[in-house]
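To start, the structure itself, in C-alpha cells.
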Amino acid sequence: MEIIKWKLPTNHEIGWAACFHFGNANQHVEGIKKYIDWLRGSKNRYGFINGDIAEAIHKNDKRFEASRHTELILDQYARAVKMFKPIRHKILGANEGNHDHTIASYGCFVEKLFCEPLEIPYGTYSSKLIINDPKGRLQYKVFTTHGNGSVRSNHHDPVLRAAQEQAKVKAKLSGERMADCYLNVIAHFHKAIIVQPVQELYLIDDGKVIKQRYIDEANPKANFIPVDLRFYISSPGFIRKYGEGSSYAERGGFTPLELGFIVSKTVEGKIEKCYKILV
Ligand SMILES: [Zn+2]
Ligand SMILES: [Zn+2]
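The opening position of the sequence shown corresponds to residue 6 in my numbering, with each subsequent residue numbered one higher.
So this is what it looks like as C-alpha cells:
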C-alpha cells in the first residue's frame with residue numbers, strides 16, 4: 006500500500022484501466038491504443054493502471070503454452086513502456102496485479118520495469134490516491150486495489166446478474182473500510198462494473214404530519230463517507246477470450262467479456278459520474 010498525492014485541476018477525468026496482459030496472444034492491442042488516444046484527447050485527462058500489466062506466465066506455470074507464450078517477460082514490460090512513454094506525464098500511477106506477482110521472486114517487475122522507466126508512482130498491490138486541487142486543497146480520495154477472487158453471477162436474468170455482480174464489487178471494496186475514499190476501484194475480474202451512490206428516502210415528522218426527506222449526497226472531503234454514498238468501479242481488461250489456438254480462458258469456461266476502461270468525471274472538485282468506454 007502506498008499513498009500517492011496529486012494536484013489536478015478541479016475539472017478533470019481519470020481513465021481507470023487494468024489487465025493489459027502484455028504477452029498474452031489474445032491481447033486487444035488496438036484497444037490499448039484507443040485508451041492512449043483517449044488520454045491524449047484532452048489536457049485534463051489522466052490515467053491509472055491497476056495491475057496485470059504483463060501476462061508474466063513463465064515456463065513453470067501450469068498455464069504456460071510454448072506456442073502462445075513466445076514473448077520474453079522482459080520484452081512484455083518493455084513493449085508496455087514503449088506504448089505508454091509518449092503519455093507518461095498523464096499516468097498517475099500503477100499497481101501490481103496477480104499476473105505480475107507470479108514472478109515476484111525475481112524482483113518487482115512493475116516497479117522496476119514499468120514505473121521506474123516511465124517515472125510514475127508505484128502503488129504496490131493497493132494504493133490510495135489523494136487528489137488535491139492546484140493549491141493543494143483536498144478534492145477527494147480514491148482507494149485502488151488489483152483485487153482477487155471472483156464476482157461472477159450466473160443468474161439467467163441480465164438485470165439481476167448485473168445487480169448481483171455490482172453488489173459483490175461493492176461488498177469487496179467497502180469491506181476494505183477505506184472510509185474517506187469517495188471512489189473505490191478494483192480490477193482483476195475483467196468486468197466493467199459501476200456502482201453509483203444511492204441516496205435513499207427517509208421519513209420524519211414535524212410534530213403534526215409525516216414528511217419525506219432524501220439522504221444528502223456525500224461530502225467527498227469527509228473522513229467518513231457512508232458506504233452507500235461512495236462510488237465503486239471494476240475496470241474491464243484488454244484480453245479477448247477467443248483467438249488463434251486455445252487459451253486458459255477457454256479451458257476455464259470464462260464468459261466472453263466487454264473490453265475497455267472506466268472513466269470518473271470530476272466537475273468543480275467533485276466526482277459527478279463514472280462511465281465505461283468499451284473498445
Ligand atoms: Zn487480469
Ligand atoms: Zn488479475
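In this text, a Cβ means the ideal position worked out from N, Cα and C, and glycines have one as well.
Source: prediction; values computed, not measured.
Residue 148 is not a Cβ neighbour of residue 103, given a cutoff of 9 Å.
The beta carbon of residue 135 sits closer than 6 Å to the beta carbons of 10 and 146 from its chain, once the five residues preceding and following it are set aside; these are given in chain order. Less than 9 Å divides the Cβ of residue 202 from the Cβ of residue 235. With contact defined as three or more Cβ pairs closer than 8 Å, the stretch 214-227 and the stretch 248-267 are not in contact. Residue 73 is classed as buried because its beta carbon has at least 16 other beta carbons within 10 Å across all chains shown. Around the beta carbon of residue 211, a 10 Å sphere encloses fewer than 16 other beta carbons of the protein chains shown; the residue is thus reported as exposed.
Around ligand 2, the residues selected by a Cβ distance under 7 Å to any of its heavy atoms are 24, 56, 57, 102, 103, 104, 151, 152, 192 and 193, following chain order. Just measuring C-alpha positions, the residue of 280, 7 and 77 sitting nearest residue 126 is 7. A residue is called buried when at least 16 other Cβ atoms come within 10 angstroms of its Cβ; residue 130 meets this threshold and is buried. Counting along the chain, no beta strand (DSSP E) covers residue 158, and no H or E run does either. The continuous beta strand (DSSP E) containing residue 51 extends over residues 50-55. Residue 272 and residue 254 have their C-alpha atoms roughly 39 Å apart.
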